[in-house]
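Student: So that we are looking at the same thing, I have put the structure below in structure tokens.
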Amino acid sequence: MLGSVKAVVLALALTLACVGATVAEDLQPSQFADKLKGYDPATVEAARAYAHTFNLKGLVAQSAPQIAARVSVQLKTKNPTMTDDQVNQFIDAFMKSVLLENSDVIEQAAIVVMLEVFSKDELIALQQFYSSPVGTEVLKKMPSVMGRMSDITQLMQTYIVPRALDSAVSSLRASGVQVKK
4 MLGSVKAVVL
14 ALALTLACVG
24 ATVAEDLQPS
34 QFADKLKGYD
44 PATVEAARAY
54 AHTFNLKGLV
64 AQSAPQIAAR
74 VSVQLKTKNP
84 TMTDDQVNQF
94 IDAFMKSVLL
104 ENSDVIEQAA
114 IVVMLEVFSK
124 DELIALQQFY
134 SSPVGTEVLK
144 KMPSVMGRMS
154 DITQLMQTYI
164 VPRALDSAVS
174 SLRASGVQVK
184 K
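Numbered by this note's numbering, the letters in the sequence shown go through residues 4 to 184 in order.
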């Protein structure tokens, strides 16, 4: 007999969380310099040029209002007795850490990831595209896209996963297997 669908989904989520933790361990700031040494210097330079063109620090800064709003909602939900002044103090400290104290880490992590994913030629092509007028316009819109990614996550949780679970349960029940959700 198959186990509960929720148990399977939970196991999958835990597996993905472990994979995510492994990926996060690969992106430790203390390891960035060593990782960069393992790549061809011209490829590293291409990744740096692309990161500079992409202006990740600027994108994060432009996304700051959306980030702050979402953190504020989460903070208020988990801490309903906090005053607005306390919430604002928290958001100010949080955003200072993200935008000022850790912005270099974001860029360095992006460079490492780009080196792991793209070839030198791909990095050069990406840099050329994002330096073009069309690429520049795309970059201007990226903070809005990034700000909406949580909407997609919410859609997955509230619409897609429940429908997929219902579909899978129906499929198994049609073949005579009883499955609990």
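A virtual CB, placed ideally from N, CA and C, is assigned to each residue, including glycine.
From a predicted model like this one, the values you see are computed outputs, not experimental measurements.
Let me confirm a value: Met159 is counted as buried when at least 16 other C-beta atoms fall within 10 Å, else exposed. Which label applies?
Tutor: Per the 10 Å Cβ criterion, exposed.
Student: Rounded C-beta distance between Ala52 and Gln130? I'm assuming under 8 Å.
Tutor: Confirmed, about 5 Å.
Student: Could you check which residue in Ser170, Val182 and Thr139 has the C-alpha nearest to that of Leu62?
Tutor: Here the closest residue by C-alpha is Thr139.
Student: Can you tell me which of the three DSSP states Asp95 falls into?
Tutor: Helix at Asp95.
Student: I believe Gln111 touches Phe35 by the beta-carbon criterion, under 8 Å. Please report the beta-carbon distance rounded to the nearest angstrom.
Tutor: Confirmed, about 5 Å.
Student: DSSP on Asp124, reduced to helix/strand/coil?
Tutor: Residue state, collapsed to three classes: helix.
Student: Relative to the C-alpha of Lys144, which candidate in Tyr42, Ser66 and Arg176 has its C-alpha closest?
Tutor: That would be Ser66, whose Cα lies nearest to the Cα of Lys144.
Student: Check Thr3 in the structure and name its three-state DSSP category.
Tutor: Examination of residue 3 is not possible in this model, given that the chain is present from 4 through 184 alone.
Student: In the DSSP assignment, the alpha helix (DSSP H) including Gly61 goes from what residue to what residue?
Tutor: Leu59 to Lys81 is the span of the alpha helix (DSSP H), which, as asked, contains Gly61.
Student: Under three-state DSSP, which class holds Asp43?
Tutor: Looking at Asp43 - three-state DSSP - the assignment turns out to be coil, as it is neither helix nor strand.
Student: How many angstroms separate the CA atom of Ala24 from the CA atom of Leu30?
Tutor: Only weak support exists for where Ala24 lies, its pLDDT of 40 falling under 50; the value from the coordinates is given anyway. If you take the alpha carbons of Ala24 and Leu30, they lie about 10 Å apart.
Student: Nearest-angstrom Cα distance between Ser203 and Ile163?
Tutor: Limits of the chain in this structure are 4 at one end and 184 at the other, which puts residue 203 out of reach.
Student: In the structure shown, what three-state DSSP assignment does Lys38 receive?
Tutor: Note: Lys38 maps to helix in three-state DSSP.
Student: Please classify Pro146: is it buried, with 16 or more other beta-carbons within 10 angstroms of its beta-carbon, or exposed?
Tutor: With 16 or more other Cβ atoms within 10 Å, it is buried.
Student: Whole alpha helix (DSSP H) runs in the region 99 to 162 with 4 or more residues, listed along the chain?
Tutor: Here the runs fully enclosed are 106 to 120, 123 to 134 and 136 to 158.
Student: Whether or not the region 150 to 157 and the region 80 to 97 are in contact is what I'm after, with contact meaning three or more pairs of Cβ atoms, one per stretch, closer than 8 Å; do they touch?
Tutor: No: the two stretches stay apart, fewer than three of their Cβ pairs being nearer than 8 Å.
Student: Between Lys123 and the rest of its own chain, which residues show a CB-CB distance below 8 Å, the 5 nearest in sequence each way excluded?
Tutor: Cβ within range, chain order: Asp43, Ala45, Thr46 and Ala49.
Student: Got a sec, what are the start and stop residues for the alpha helix (DSSP H) Pro32 sits in?
Tutor: Note, Pro32: premise wrong, no alpha helix (DSSP H); not H, not E.
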